[in-house]
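Visitor: Just dropping this structure here.
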Amino acid sequence: MTEKLFEISPYMKSCDALVLACEAKGDHYLIELDQSCMFPEGGGQPSDIGTMNDAVVFHVSEQGGRILHECEKAFLVGEKVHIEIDFEHRFRYMQLHTAEHIVSGVIYNEYKFMNVGFHMHDAVATIDIAGNIDREMAAHIEKLANKAVWDNLTTEILYPEDMTKVEARKYPETNEPIRLVRIPGIDSCGCCGVHVMHSGEIGLIKLLSVEKHRGGTRMTLVCGEKALSDYAGKHETVMYNAARFSVKPEGLTAAIDKQAADMEALKRKLYETTEKLYAFRCERIAAETTKNFSVVFEDGMSADELRRFAAKLSEKIGIACVLTEDNGSLRYAFIADKAKTDFDLRPLTKDLNQAFSGKGGGKPEICQGFLNSGSKEEVQKFLEEKLNG
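Number 393 marks the last residue of the sequence shown (the working numbering); no jumps.
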């Protein structure tokens, strides 16, 4: 059984210990010590990392009361070792875990919604809440959570003998003695994790996202340096774009909305103009042919434009085969107007794809795809021979 020094002091950065056991695990070794300041993964909190006599400790776990340190080097039973924690890593998760308790406590106090899931990774926490939280509620939660940070509340660790006399948001399901983490006026919850001693050490809590999840709400949050970095990055983005739009930061949203509206108006105008151009082109093509089909190559058309043009042309002549160059390939859209012909385009498209390494298909009256070989002249000759036949 390993003595858990991290429960005595979460700020302990190093300790000496005796090796009780050493077991091989692939290329690594699982080391059991008589005592350790390294926190094992548990309760949603990642394990500590660090060194054991300068050998890297990758991960720490607890199995049946044994705390096992996954290390790159083997040690002899009875050997004395020195443990050093990567305290920057540890402290980030101490901050984040306490921040999660504060946010969960605020949510329970304000709305009686329970935290039903919790995970921390890369200094980001996700909390699953059994209730629907909207943006306005989230803003209120964030404000109260940060007030708890500014109040610099003292975190209390309790081991109550009679749990019926202690009010708590959640108790762990265990036969072991209950370890209760209390943040006065905010939260009281069974927890095995390591926490900051004072809430002010968290610095700042920021909710990054609030979204519906499995009938409830999933919230993502950061705190401390991670929250500052998030704000700094977003501030830089806002200032950069405000300069591009030649507005103050508070005017950026209106400027973006105006640009979006202007672009939508231009798109409508472009659509109307191209429709007129397509109508004019189709009239000319129809006037120059006596056949019920036409093979046409157009420059710089998108897939949507290709389809629109083919649809208009088919209304004039019956069968429209329209192609355009697209990154070394030929994109095609074939449309047969039902009012003018009962021609099934699918066999034609299948033969075309086989002849020119193509891919595509569709319905009897409309087929679309790409050709990856063949020149315009070869494709045109192939189509005209098939349609004339």
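Cβ atoms here follow ideal geometry from the backbone N, Cα and C, with glycine treated the same way.
No experiment lies behind these values; they were computed from the predicted model shown.
Rounded to the nearest angstrom, what separates Cys227 and Thr130 at their Cα positions?
Guide: Going by the C-alpha atoms only, they are around 12 Å apart.
Visitor: Taking the C-alpha atoms as reference points, what is the distance between Ala143 and Lys238?
Guide: Spanning the two alpha carbons is a distance of roughly 18 Å.
Visitor: Please name the residue in Cys26, Pro44, Ile209 whose C-alpha comes closest to that of Glu83.
Guide: For Glu83, the nearest C-alpha among the options comes from Cys26.
Visitor: So what does DSSP say about His199, is it helix, strand or coil?
Guide: Three-state result, His199: coil.
Visitor: Given that a residue counts as buried once 16 or more other Cβ atoms are within 10 Å of its Cβ, and exposed if not, what is Arg288?
Guide: Exposed, since its Cβ has fewer than 16 Cβ neighbours within 10 Å.
Visitor: Once you ignore the five residues that flank Asp52 on each side, which residues in its own chain have a CB closer than 6 Å to its CB?
Guide: For Asp52, where only same-chain residues beyond five positions count, the Cβ hits under 6 Å are Met42, Phe43, Val64, Ile89, Arg94.
Visitor: Compute the distance between the beta-carbons of Val383 and Phe360, then report whether it is under 8 Å.
Guide: Cβ atoms of Val383 and Phe360: closer than 8 Å.
Visitor: First and last residue of the beta strand (DSSP E) that includes Val326?
Guide: First-last of the beta strand (DSSP E) with Val326: 323-330.
Visitor: Starting from the Cα of Val85, find the closest Cα among Gln358, Met305, Tyr235, Asp58 and give me that residue.
Guide: The residue with the shortest Cα to Cα distance from Val85 is Asp58.
Visitor: Quick check on the DSSP output: the alpha helix (DSSP H) that includes Arg94 runs from which residue to which?
Guide: Run containing Arg94: 91-115, per the alpha helix (DSSP H) assignment.
Visitor: What is the C-beta distance between Phe313 and Tyr282, in whole angstroms, given that I count them as a contact (C-beta under 8 Å)?
Guide: Indeed, because the Cβ distance is near 5 Å, the residues count as touching under 8 Å.
Visitor: Which residues does DSSP list as the beta-bridge partners of Phe301?
Guide: Leu327.
Visitor: Who pairs with Lys363 in a beta bridge, going by DSSP?
Guide: Its beta-bridge partners are Phe374.
Visitor: In whole angstroms, what is the alpha-carbon distance linking Cys193 and Ala172?
Guide: Rounded to whole angstroms, Cys193 to Ala172 spans 5 Å at the Cα level.
Visitor: Using the Cα positions of Phe284 and Asp138, report the straight-line distance between them to the nearest angstrom.
Guide: Cα-Cα distance, rounded: 52 Å.
Visitor: Would Ile35 and Met56 be called neighbours here (beta carbons separated by less than 8 Å)?
Guide: Contact flag set, yes.
Visitor: Taking only the alpha-carbon atoms, compute the straight-line gap between Leu211 and Lys147 and give it to the nearest angstrom.
Guide: The alpha-carbon atoms of Leu211 and Lys147 are separated by roughly 10 Å.
Visitor: Taking a contact to mean a Cβ-Cβ separation below 8 Å, would you say Gly47 touches Glu66 in this structure?
Guide: The answer is no: Cβ separation not under 8 Å.
Visitor: In the DSSP assignment, find the alpha helix (DSSP H) that holds Thr34 and state where it starts and stops.
Guide: Here residue 34 turns out to be Leu, not Thr, going by the sequence shown. From DSSP, Leu34 is part of no alpha helix (DSSP H) but of the beta strand (DSSP E) over 32-37.
Visitor: In terms of residue numbering, what span does the alpha helix (DSSP H) encompassing Gly121 cover?
Guide: No alpha helix (DSSP H) holds Gly121; the beta strand (DSSP E) holding it covers 119-125.
Visitor: Could you tell me how far apart the beta carbons of Gln39 and Leu9 are, in whole angstroms, since I believe they sit closer than 8 Å?
Guide: Indeed, because the Cβ distance is near 6 Å, the residues count as touching under 8 Å.
Visitor: Would you list the residues sitting across from Cys193 in a DSSP beta bridge?
Guide: Cys193 pairs with Lys174, Val185.
Visitor: Who does Phe338 pair with in a DSSP beta bridge?
Guide: Paired residue(s): Cys325, Cys371.
Visitor: Look at the Cβ atom of Thr224, then the Cβ atom of Gly135, and state whether they are nearer than 8 Å.
Guide: Not closer than 8 Å, so no.
Visitor: Thr277 to Lys271, Cα distance in whole Å?
Guide: Rounded to whole angstroms, Thr277 to Lys271 spans 10 Å at the Cα level.
Visitor: Express the C-alpha separation of Ile111 and Val61 in angstroms, rounding to a whole number.
Guide: Computed Cα separation, rounded: 37 Å.
Visitor: According to the Cβ coordinates, are Gly109 and Ile182 closer than 8 Å?
Guide: The answer is no: Cβ separation not under 8 Å.
Visitor: Just to confirm before moving on: does the CB-CB distance between Gly322 and Phe297 stay below 8 Å?
Guide: The answer is yes: Cβ separation under 8 Å.
Visitor: Is DSSP giving Ala129 helix, strand or coil here?
Guide: Strand, per DSSP.
Visitor: How many angstroms separate the CA atom of Ile206 from the CA atom of Thr102?
Guide: About 8 Å.
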